[in-house]
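Novice: Shown below is the structure under consideration.
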Amino acid sequence: MKVAQKAISWITAIIALGLAALSTIAPAEAQVGQARPPAVGVMEAVRRPITESNDFMGRIESPHRVSVVARVTAFLEKRYYIEGSEVKAGDLLYQLERGPFEADLAAKKAQVAQLQAMLTDARLTTDRARTLLGGPAGQQSTYDAALANQQSLEAQVQAAQAQVDLSRINLDYTEVRSPIDGQIGRTAVSEGNVVSPGSGALTTIVSQDPMYVTFPVSVREVLALRDRSVIGGGFKAVVIRIRLPDGRVYDQVGKLDFVNNTIAQNTDTIMLRGTIPNPVLKDKSGDPLTERELTDNEFVSVLLEGAEPVEVVAIPRSAVMSDQQGDYVFLLGADDKVEQRRIQLGQSTPTVASVTSGLSPGEKVIVEGLQRVRPGQPVSPGPASALVQSSMKSPVEGEMSRASNRGIRLKSVDLTP
């Protein structure tokens, strides 16, 4: 019995010692936690210039498109061009059969010569009748008849000469030549076939440089674009860039030159058009090739850049968090305590966030260590890492991302020396 009481006493003493040890460790851990607040990286919100860019879908169009057709009915004897090559205005494309048209021209010329001879005789007759009018044998009626015959023959000569001109024109039409400079397509008719004006297009030629880019824009966006571009010189000051189907940004810059005068009722959009150069590509040594970058009817993305950069409050995109209520950031408040701030984002890129409301320049935003902080919690602030700082200083080329409202994209511009 005494042994059992001693064992219970020993167990009670061990439990008491354990509780005393735990009560000592807990305050110590609390003191350590209070003494070491989490470290965070901080950056100030700054104003920086950006160039606004609206993104639309459009197509490349050739300014000049010609369907080459036969002007006369004849056999097609020879084709002189290479399909898909570029031709110049006046180049011979097709040769039609000339024999029938040459014979017709010769017959028309012979008819003119015959009438010319008859006209010469009629003029002599008229002159004799005029001379006889002064003597007793002269009659006015004879003179009048001779003069009428002469005038009739003169009219017949003119009509015959017109037929000669028409025959010569038809003969010239046997040589089908290019009316413009451009790239020619495939031929629709091969040698040996009969062609005529009703046969349809023999081939098609499209001009190559410059090219049009057309794209529909909603009326709402047109009004916003107009308001932003008034100060910079209007629509003509807007710069057009093109993103090709493979994702590359075309290295040539175009200008907006046309806004349609009618709104499409079914889509509430208005058609805009720009002109952009399309020079011949060059190889690695700088020698010109035969290909060009833009092709007629090509599907592209159109970027309308603002004429002048605008100032916005910018912070690193990684500092912005979202929940069901919207976007927010953590700020470094008084006594180095965390403050939560609701913000409204504007037109942002993957690395830079443009803040339209809720934040002022100079306020310190927590950009690193966000997963370890809560509102009202003390923190140990320090400068942001070099990687985050460099993302705010370097221009963001080719990283334009779709904004949350109206599909607007931005390109950051670094104006620091």
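If you use mature numbering (1 follows the signal peptide of the UniProt record, and there is no 0), the sequence shown corresponds to residues -30 to -1, 1 to 387, in order. Ideal Cβ positions, reconstructed from N, Cα and C, are used throughout, including at glycine.
#1: Rounded to a whole number of angstroms, what is the C-alpha to C-alpha distance between Gln314 and Val187?
#2: Which whole-angstrom value is the C-beta distance of Ile175 and Val38, which I expect to be below 8 Å?
#3: So, does the region 209 to 224 touch the region 140 to 154, judging by three or more C-beta pairs under 8 Å?
#4: Kindly identify the DSSP beta-bridge partner or partners of Ile212.
#5: Between Ala354 and Glu338, is the Cβ-Cβ spacing less than 8 Å?
#6: So who's on the other strand from residue 388, going by DSSP bridges?
#7: Would the beta-carbon of Ile285 fall within 8 Å of that of Met13?
#8: Can you find at least 3 beta carbon pairs, one from the region 27 to 35 and one from the region 45 to 61, that sit closer than 8 Å?
#9: Fully enclosed by the region 131 to 187, which beta strand (DSSP E) runs are 3 residues long or longer?
#10: Looking at Leu302 and residue 395, is the spacing between their C-beta atoms short of 8 Å?
#11: On the three-state DSSP scale, how would you describe Pro70?
#12: Using the DSSP secondary-structure output, state which residues sit across from Asp293 in a beta bridge.
#13: Taking only three categories from DSSP, how would you classify Leu315?
#14: Taking the alpha-carbon positions, what's the residue 401 to Val165 distance?
#15: Do you know how far the Cα of Pro351 is from the Cα of Ser360?
#16: Could you say which of Phe228, Ala116, Asp305, Gln110 lies nearest to Thr95 if we only look at CA atoms?
#17: In the DSSP assignment, the beta strand (DSSP E) including Leu340 goes from what residue to what residue?
#18: Determine the extent of the beta strand (DSSP E) in which Asp227 is found, giving its start and end residues.
#19: Given this structure, state the Cα-to-Cα distance separating Ala171 from Val159, to the nearest angstrom.
#20: From Val270, Asp142, Leu103, Leu340, pick the residue whose C-alpha is nearest to that of Gln65; which is it?
#21: I'd like to know if Val12 contacts chain B, where contact means its C-beta is closer than 8 Å to some C-beta of that chain.
#22: Within 8 Å, do at least three Cβ pairs link the region 122 to 137 to the region 84 to 99?
#23: If you draw a straight line from the C-alpha of Ser364 to the C-alpha of Asp257, how long is it?
#24: Classify residue 399 as helix, strand or coil using the three-state DSSP reduction.
#25: Expressed to the nearest angstrom, what Euclidean distance is found between the alpha-carbon atoms of Gln109 and Pro167?
#26: Where does Val42 fall in DSSP's three states?
#27: Measure from the alpha carbon of Ser177 to the alpha carbon of each residue in Pro8, Pro345, Ser55, then state which is nearest.
#28: Hey, quick one: how far does the beta strand (DSSP E) through Lys252 stretch, first residue to last?
#29: Got a sec, what are the start and stop residues for the beta strand (DSSP E) Leu242 sits in?
#30: For the putative contact between Gln40 and Ser169, defined by C-beta atoms under 8 Å, what is the C-beta separation to the nearest angstrom?
#31: Suppose you measure from the CA of Arg93 to the CA of Asp135; what does that come to, to the nearest Å?
#32: So which of Val290, Gly69, Thr184 has the shortest CA-CA distance to Arg243?
#33: Answer with buried or exposed for Ala83, where buried requires no fewer than 16 other C-beta atoms within 10 angstroms of its C-beta.
#34: Can you tell me whether DSSP reads Gln126 as helix, strand or coil?
Specialist: By the coordinates alone:
#1: When rounded, the distance between both Cα atoms is 25 Å.
#2: Sure, about 6 Å apart at Cβ, within 8 Å.
#3: Touching, no, given that fewer than three Cβ pairs across the two stretches are closer than 8 Å.
#4: Under the DSSP definition of a beta bridge, Ile212 partners with Val272.
#5: Yes. Within cutoff.
#6: This structure gives no information on residue 388, because the portion of the chain shown stretches from -30 to 387.
#7: Yes, they are a contact pair.
#8: No: fewer than three Cβ pairs fall under 8 Å.
#9: Listed in chain order, the complete beta strand (DSSP E) runs (minimum 3 residues) inside the region 131 to 187 are 145 to 147, 152 to 154, 173 to 176.
#10: Residue 395 lies beyond the residue range present for the chain, which begins at -30 and ends at 387; the question has no answer from this structure.
#11: Pro70: helix per DSSP, three-state reduction.
#12: Asp293 has Gly296 as its beta-bridge partners, per DSSP.
#13: Per DSSP, reduced to three states, the secondary structure at Leu315 is strand.
#14: The question about residue 401 has no answer here: the residues shown for the chain are numbered -30 through 387.
#15: One C-alpha to the other measures close to 19 Å.
#16: Its Cα nearest to that of Thr95, the residue Ala116 stands out among Phe228, Ala116, Asp305, Gln110.
#17: DSSP places Leu340 in no beta strand (DSSP E); its state is neither H nor E.
#18: Note, Asp227: beta strand (DSSP E), 224 to 234.
#19: Spanning the two alpha carbons is a distance of roughly 9 Å.
#20: Checking every option, the nearest Cα to that of Gln65 belongs to Asp142.
#21: Structure shown: chain B not included; a single protein chain is present.
#22: The region 84 to 99 is in contact with the region 122 to 137.
#23: Interpretation of Ser364 is limited by its pLDDT of 47, a score under 50 that renders its predicted location unreliable; no figure is taken from the coordinates.
#24: In the structure as shown, the chain begins at -30 and stops at 387. Residue 399 is therefore absent and cannot be evaluated.
#25: Straight across, the Cα-Cα distance linking Gln109 with Pro167 is about 56 Å.
#26: Look at Val42 here: in three-state DSSP terms it is coil, with no helix or strand label.
#27: The option with the nearest alpha carbon to Ser177 is Ser55.
#28: Unbroken beta strand (DSSP E) run through Lys252: 250 to 252.
#29: Per DSSP, Leu242 is one residue of the beta strand (DSSP E) stretching across 239 to 246.
#30: It should be noted that the sequence gives Ala, not Gln, for residue 40. Between Ala40 and Ser169 a beta carbon distance of about 6 Å is seen, short of the 8 Å cut, so the two are scored as contacting.
#31: Near 25 Å, if we compare the C-alpha coordinates of Asp135 and Arg93.
#32: Cα-wise, what sits closest to Arg243 is Thr184.
#33: Exposed.
#34: In the three-state reduction of the DSSP assignment, Gln126 falls in the helix class.
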